[in-house]
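For what it's worth, the working numbering labels the leading residue of the sequence shown as 125, then goes sequentially.
The C-beta atom is built at its ideal place from N, Cα and C for all residues, glycine as well.
Have a look at the structure below before the remarks.
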Amino acid sequence: MQVIKTIVITLLLSLSALSVAEDTGGESYVSNVQPFILIENVNRQAEAWATCAAIWDIMAQLSSANGGSKSEIEQYSNMGNGAKMAVAMSFFSDAISEDNVDQSRISATWRFAQTAIKSMPEVYMTSILADLESKGMDAWFSDFDATIRVCTDNLEGQQAHVDGWRALATSGLLEFE
């Protein structure tokens, strides 16, 4: 996995310019049909957020490898962390939306969400980087760029999930170790 990341970073650094503003015509790794927060299927919503978490983590790595500023690297990292929290809140929102919510369901969802926050973005990062190997740099970068756009368009929904998490964390419904 580290070798693939190194290859990606090296290839992207060899590009003459990294321009998100230019339309590349690529196909996003995640659908932009509707805002993620409106996706009714909790699993599909969490997958969308996990894809963005992977994208932001790749951007943080690229920025770091390219000598990006500490604040730029931290911004991408924070965006990735926010997307990971949105993964968890996708599951939590579903669990607490029912009329009859019990503490055991909340606890089980919390345990599951802790695993999902780590594993789902890793799965999507592996898939995105494997796509680089199969498509080649130009086609892959077009798709990567299109995905950055979709993830950027969903930052407001991501922030809503982060705010929801903060409210849930201070509500006393969760037990932290």
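- Collapsing the DSSP output to three states places Pro159 in coil.
- In this model, Phe268 and Ser195 are separated by some 22 Å (Cα to Cα).
- Boundaries of the alpha helix (DSSP H) around Asp287: 279-293.
- Between Gly149 and Ser266 the beta-carbon gap is near 6 Å, inside 8 Å, which marks them as a contact.
- One Cα belongs to Ile163, the other to Asn156, and the distance between them is close to 11 Å.
- Straight across, the Cα-Cα distance linking Asp255 with Arg168 is about 20 Å.
- Under the three-state reduction of DSSP output, Tyr153 falls in the coil class, being neither helix nor strand.
- Distance from Ala170 to Phe215 at the Cβ level is roughly 6 Å; contact confirmed, criterion being Cβ atoms closer than 8 Å.
- Per DSSP, the continuous alpha helix (DSSP H) segment holding Asp218 begins and ends at 194-220.
- Annotated three-state conformation of Asn190 is coil, per DSSP.
- Looking from the CA of Met213, the closest CA among Ser228, Trp234, Gly204, Val154 belongs to Trp234.
- With fewer than 16 neighbouring CB atoms inside 10 Å of its own CB, Gln158 falls in the exposed class.
- For Glu164, no alpha helix (DSSP H) encloses it, and the DSSP letter there is neither H nor E.
- Note on Ala270: 16 or more other CB atoms within 10 angstroms of its CB, so buried under the neighbour-count rule.
- Within the model, the alpha-carbon separation for Asn278 versus Ser152 is close to 13 Å.
- Only buried fits Gln185, as 16 or more other CB atoms lie within 10 angstroms of its CB.
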